[in-house]
Amino acid sequence: MSRAAAFLMILTAWTALSGSLAPPDLALGALLALLVLFLLRHHLDHPRLRVRPLGLVLLFLLFLKEFALSVLAVTATVLRPRLRLDPRMVSVPTALEGEFRVALLANLITLTPGTLTVDISDDGRTLHVHALDCADPEALRRGIAEGFERRIREAFP
Numbered sequence: 002m003s004r005a006a007a008f009l010m011i012l013t014a015w016t017a018l019s020g021s022l023a024p025p026d027l028a029l030g031a032l033l034a035l036l037v038l039f040l041l042r043h044h045l046d047h048p049r050l051r052v053r054p055l056g057l058v059l060l061f062l063l064f065l066k067e068f069a070l071s072v073l074a075v076t077a078t079v080l081r082p083r084l085r086l087d088p089r090m091v092s093v094p095t096a097l098e099g100e101f102r103v104a105l106l107a108n109l110i111t112l113t114p115g116t117l118t119v120d121i122s123d124d125g126r127t128l129h130v131h132a133l134d135c136a137d138p139e140a141l142r143r144g145i146a147e148g149f150e151r152r153i154r155e156a157f158p
């Protein structure tokens with residue numbers, strides 16, 4: 002992604018979060034975007050990562066869906082009169098290549114209530130995930146591979 006595109010994305014995010022198009026707010030957003038780009042200048046010099054915008058949108062929508070379903074599941078689990086949990090550590094293999102993609106997968110898993118990526122193997126091929134309630138580890142592995150992992154591959158080919 003070019004620095005100009007990154008600047009526009011940061012400024013757009015700032016504008017959306019501030020909810021204001023007033024010139025002073027836009028100027029502050031532009032200054033903050035420049036500051037972020039300056040602080041991240043060394044990281045932006047790495048080889049370009051291809052991004053498919055539609056794939057990125059689909060990944061975000063999948064995350065929102067998984068987040069909502071997980072919130073409901075964890076809430077239902079906690080509110081049960083008898084707390085019946087089956088917590089497990091599950092090794093989840095991944096076919097994703099590159100630190101960015103694997104880290105993104107690990108973070109999406111962690112941001113989903115009820116799961117936490119505890120460790121990533123040294124070769125980046127296996128994530129060690131703690132699941133709050135996991136009766137079927139294979140279903141968890143399959144869900145991650147067919148969900149987040151597939152969408153990450155589509156968004157970042």
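The sequence shown lines up with residues 2 to 158 when you count with this note's numbering.
The beta carbon of each residue, even a glycine, is placed where N, CA and C say it ideally should be.
Fair warning: this is a prediction, and the values are worked out from it, not measured in the lab.
- In the structure shown, the three-state DSSP call for residue 94 is strand.
- In the structure shown, residue 120 adopts extended strand secondary structure according to DSSP, grouped into three states.
- Apart from the 5 residues on each side of it in sequence, residue 131 sits with its Cβ closer than 6 angstroms to the Cβ of 90, 117, 119 in its chain, given in chain order.
- In the DSSP assignment, residue 132 forms a beta bridge with 89, 116.
- Of the residues assessed, residue 65 falls on the exposed side of the cut-off, its CB having fewer than 16 other CB atoms within 10 angstroms.
- Linking residue 39 to residue 22 through their CA atoms gives a straight-line distance of about 24 angstroms.
- DSSP lists 94 as the bridge partner or partners of residue 127.
- In the structure shown, residue 20 adopts coil according to DSSP, grouped into three states.
- Taking a cut-off of 8 angstroms on C-beta distances, the segment 63 to 78 touches the segment 105 to 117, as three or more cross pairs fall below it.
- Contact annotation, residue 143 with residue 63: C-beta distance approximately 15 angstroms; criterion of less than 8 angstroms not satisfied.
- Within its own chain, the residues whose Cβ lies closer than 6 angstroms to the Cβ of residue 56, once the five positions on either side in sequence are excluded, are 155, 156, listed in chain order.
- The residues 113, 114, 115, in chain order, have a CB closer than 7 angstroms to that of residue 71 in the same chain once the five nearest residues on each side in sequence are set aside.
- The beta carbon of residue 127 sits closer than 6 angstroms to the beta carbons of 92, 94 from its chain, once the five residues preceding and following it are set aside; these are given in chain order.
- Note that the C-beta distance between residue 13 and residue 27 is not below 8 angstroms.
- Under the three-state reduction of DSSP output, residue 157 falls in the coil class, being neither helix nor strand.
- Cβ contact annotation for residue 134 (same chain, cutoff 6 angstroms, sequence separation greater than five): 78, 86, 87, in chain order.
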